Amino acid sequence: MTSSEVSTNSKNKSYRLHLRETAGLALPVIVGQLGIIMMGVVDNAMVGRIGYYPLAASALANGIFFLIFVVGMGVTYAVSPLVANALGKGNPELCGNILKQALMINLLIGILLGIVTYFSAELFPYMNQKEKVVEYAIPYLRILSFSIPMMMVFLTYKHFLEGLSIMRPAMVIVLLANITNAAANYCLIYGNFGFPRLELNGAGIATLGSRLFMMVMLIIFMNRNKRVKKYRPELLHYKVDWKVTKEILALGLPSGIQYFFEVGAFFFTAIMIGWFGAQQLAAHQIALNIASITYMVVVGISAAAAIRVAKYVGEGNQFETKRAGLSALMLAAGFMSLCGILFFLTNNLLPELYINNPEVKIIAASLILIAAFFQIFDGIQCVGLGILRGIADVKYPTAVTFIAYWIVGLPLGALLAFYFDLNVQGIWIGLSVGLATSAGLLSFRFIKKTKT
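This note's numbering applies: residue 261 is where the sequence shown begins, and numbers increase by one.
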């Protein structure tokens, strides 16, 4: 690219304009992501009212659920940049084929992961956790396992629509599903309105029903909306397109492995914290749940950035590719800095929303304070993964996530917790260093790969 071309492009797309466009595209995704995480927040808040053992069991079961599910979720993330890239190349026919191939791949992966999740509940007795925590966790995880195929189908359609820059339908459906989930929780956890009191299992059934609702509603939208009806896949006449299938798996599987390394680190963290006791594990769940709310915002920014970056790659415009990515990093860093300040100021108040146990609240408040300091790193590493996915760079980020969490974060956390007696707080400090390592390496990689 010549200097005159760079100059012209920079006039067309300033960083301010990139920030505005990324934020506009990200907003519906953010609302949808917050809707998904708010289901977990509502579940934890309601479950916490019946005791810290069910809350600790929820942390353990959700940890292993997401450890398995994120592998499939990563594959679904390949859909939006591939669709955006096809649009950038002016090939709308390819978009429908990507959806058809992705649906079959992801449904099969979802069924497989659901089976693995169901039987993984047998591992809980060997994790050296409190007996009562294990007693709650096993049936809860088995209920959640049936929702994985539903979520894989929902996410495939959702990411397809996002690749077309159609963000609102999934957002609205997720918000409606939150209402469904909260109402079902109220009935099934506590036994209101004549329903049986199922406690943690009731929360699991409510989550399962909400995820079924999300999948069905998005399928209905895809079949009735005139703008996207033309892309409706004729699955009865399905034929494997090996070229597209390989592209989806080549981009999606490394993304799934990246999330596996990250979520795996947090899951192993939950196991180590469980060795200290159920109260510490419940506090960890509260702090992690609160940090997940802000993380979902940058997940939305990351998704929007991946779409915009992939579109510019499809157009062959490297200058705007770089600006789109860097502006997304700035947006995430700015937002998470504000969140860090908010956590710092309210760390003693936030646990009050979840539980009444004084000791759990004290531990949770200290963990939220640590979360305040790692917010900016969490935001940068999340968006870094998205923009690198947008330029189809997935092998390097996979290595980075492994190094950052399993070579740096977890060993350091274990050292601080068990050797220097910093307890749960030491584990969280180690994870913070892991996040900072990932943020630095991923952002440096994007700058190097998009050098003009």
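Glycine is no exception: its CB is placed at the ideal position from the N, C-alpha and C atoms.
This one's a predicted model, so the numbers in the text were calculated from it and none came from an experiment.
Query: Using CA coordinates, which residue listed in Ala317, Arg276, Lys711 is at the minimum distance from Ala724?; Result: Residue 724 falls outside the range modelled here, since the chain spans only 261 to 712, and no answer is possible.
Query: Is there at least one Cβ from chain B nearer than 8 Å to Leu586's Cβ?; Result: Among the chains in the structure shown there is no chain B, since it carries only a single protein chain.
Query: Which of the three DSSP states is assigned to Pro352 in this structure?; Result: helix
Query: Let's test the definition: count the other Cβ atoms within 10 Å of the Cβ of Leu320 and tell me whether it reaches 16, buried, or not, exposed.; Result: buried
Query: Do Val413 and Met475 count as a contact pair if the criterion is CB distance below 8 Å?; Result: yes
Query: So what's Lys571 in DSSP terms, helix, strand or just coil?; Result: helix
Query: Along the chain, where does the alpha helix (DSSP H) containing Arg492 start, and where does it finish?; Result: Looking at the DSSP string, Arg492 is not in any alpha helix (DSSP H), and its letter there is neither H nor E.
Query: Closest to Ile480 by CA distance: which of Phe604, Ala430, Glu580 is it?; Result: Ala430
Query: Roughly how many angstroms separate the alpha carbons of Gly464 and Gly576, rounded to a whole number?; Result: 46 Å
Query: Taking three-plus beta-carbon pairs below 8 Å as touching, is the segment 642-654 in contact with the segment 508-515?; Result: yes
Query: Grouping DSSP H, G and I as helix and E and B as strand, with all else coil, what is Ala283?; Result: helix
Query: Which two residues bound the contiguous alpha helix (DSSP H) that contains Tyr396?; Result: 391-405
Query: Where does Glu353 land, buried or exposed, given buried means 16+ other C-beta within 10 angstroms?; Result: exposed
Query: Extract the residue ranges of the alpha helix (DSSP H) inside the segment 402-455, only unbroken runs of 4 or more that lie entirely within it.; Result: 408-423, 428-450
Query: May I have the straight-line CA-CA distance separating Ile324 from Ile426, to the nearest angstrom?; Result: 32 Å
Query: Locate the alpha helix (DSSP H) running through Pro514, then write down its first and last residues.; Result: 502-536
Query: Tyr614 by DSSP, collapsed to three states: which one?; Result: coil
Query: With distances taken between CB atoms, is the gap from Phe521 to Leu327 smaller than 8 Å?; Result: no
Query: Rounded to whole angstroms, what's the CA-CA distance from Gln539 to Leu436? Just pull it up for me.; Result: 33 Å
Query: Any idea what DSSP makes of Ile365, helix, strand or coil?; Result: helix
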